[in-house]
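Throughout the sequence shown, residue numbering follows the working numbering, covering 1384 to 1630 in sequence.
Ideal Cβ positions, reconstructed from N, Cα and C, are used throughout, including at glycine.
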Amino acid sequence: MEIIPAIDLLGGRCVRLYQGDFGRVTGYESGPLEIAASYQAAGARRLHLVDLDGARTGQPGNLDLLRSLAAGSGMKVQVGGGIRELATAQMLLAAGADRVVLGSIAINEPPTAIGWLNALGSERVVLAFDVRLQDDAAGPVAVTHGWRESSGRRLWELFEVFLAAGARHFLCTDVGRDGTLAGPNTALYAECLRRYPQARIIASGGLSSAADLPALAATGVAAVVTGKALLEGRISLEEMGRFSRAG
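Structure below.
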């Protein structure tokens, strides 16, 4: 299991939102390039970059930073946040991103996202499904617009549609856990891979310490994205590096 450190960008600064709320922003003193360099030095091979400015406006807000990170960090960069047009995805890839992360467009307009998947190639696209657990047997429901709105689409439906279209990489977040340090939802990921063992699933949300990593790896996920736990020292760079090498 690969550990993918996350950097959320807002106005060129590294920040974290609590539960996706722009009104609850935590800023960090170190700059994105400095933070990325520390992750690369510890052994990270890939960086997960979230363009919060892009999520707000629909236009890439940190292209220069993306270029710098892609060219100088020594890591592959996957980037998401407000990608609402194919041309935007192509612009991000041209700027050096290794993969683009498609969220709301994939959930709300699967045929459009499938067209982009075909245009860009399955190795250049990560489908991001933010979900809330439900009290019924139909499975978690995908949410959009900063997790405020239910799409009405179930997670299992989305997996089936996109796997049939040739998608390989999926970022799945239990939004009830994200940013809470409450521990990852291992049951969710185990069920995803029981149903869809061919999917390469990236876990996200709730990672609180290195003690969470073995159980998460045991579910079969390909990788885990973590931001807050690294930024706040709950997982040390040394622990991240050791687990990445072992995994």
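Take the Cβ of residue i as the centre, count every other Cβ of all protein chains shown within 10 Å, and call the residue buried at 16 or more, exposed below.
i, result
"T1440", "exposed"
"R1482", "buried"
"A1496", "buried"
"G1464", "buried"
"A1594", "exposed"
"D1557", "buried"
"I1626", "Position check: residue 1626 holds Phe in this sequence, whereas Ile was assumed. Buried: at least 16 other Cβ atoms inside 10 Å."
"A1419", "buried"
"F1405", "exposed"
"N1501", "exposed"
Compare the beta carbon distance of residue i and residue j with 9 Å and say whether it is the shorter of the two.
i, j, result
"R1396", "G1414", "yes"
"A1427", "I1386", "yes"
"H1552", "R1577", "no"
"L1452", "L1476", "no"
"L1599", "M1384", "yes"
"G1486", "F1512", "yes"
"F1545", "L1510", "yes"
"S1421", "L1620", "yes"
"G1579", "E1543", "Before going on, a small fix: residue 1579 reads as Tyr here, not Gly. A contact, by the Cβ cut-off of 9 Å."
Residue i: which of the options sits nearest, CA to CA?
i, options, result
"K1611", "G1522, D1557, L1590 and H1552", "L1590"
"N1568", "S1587, I1490 and T1527", "S1587"
"V1462", "G1479, G1559 and S1456", "G1479"
"V1508", "M1384, I1488 and A1389", "I1488"
"G1616", "A1598, S1592 and L1599", "S1592"
"G1410", "T1609, T1556, D1391 and N1491", "D1391"
"T1471", "C1575, T1527 and W1499", "W1499"
"V1460", "G1437, R1467 and V1484", "V1484"
"Y1572", "A1525, R1560 and I1585", "I1585"
"A1606", "H1431, W1539 and A1438", "H1431"
"V1408", "D1436, P1493 and L1620", "D1436"
In this structure, does DSSP put residue i in helix, strand or coil?
i, result
"E1385", "strand"
"A1606", "strand"
"L1432", "strand"
"D1391", "strand"
"L1485", "strand"
"A1427", "coil"
"Q1461", "strand"
"G1437", "helix"
"L1538", "helix"
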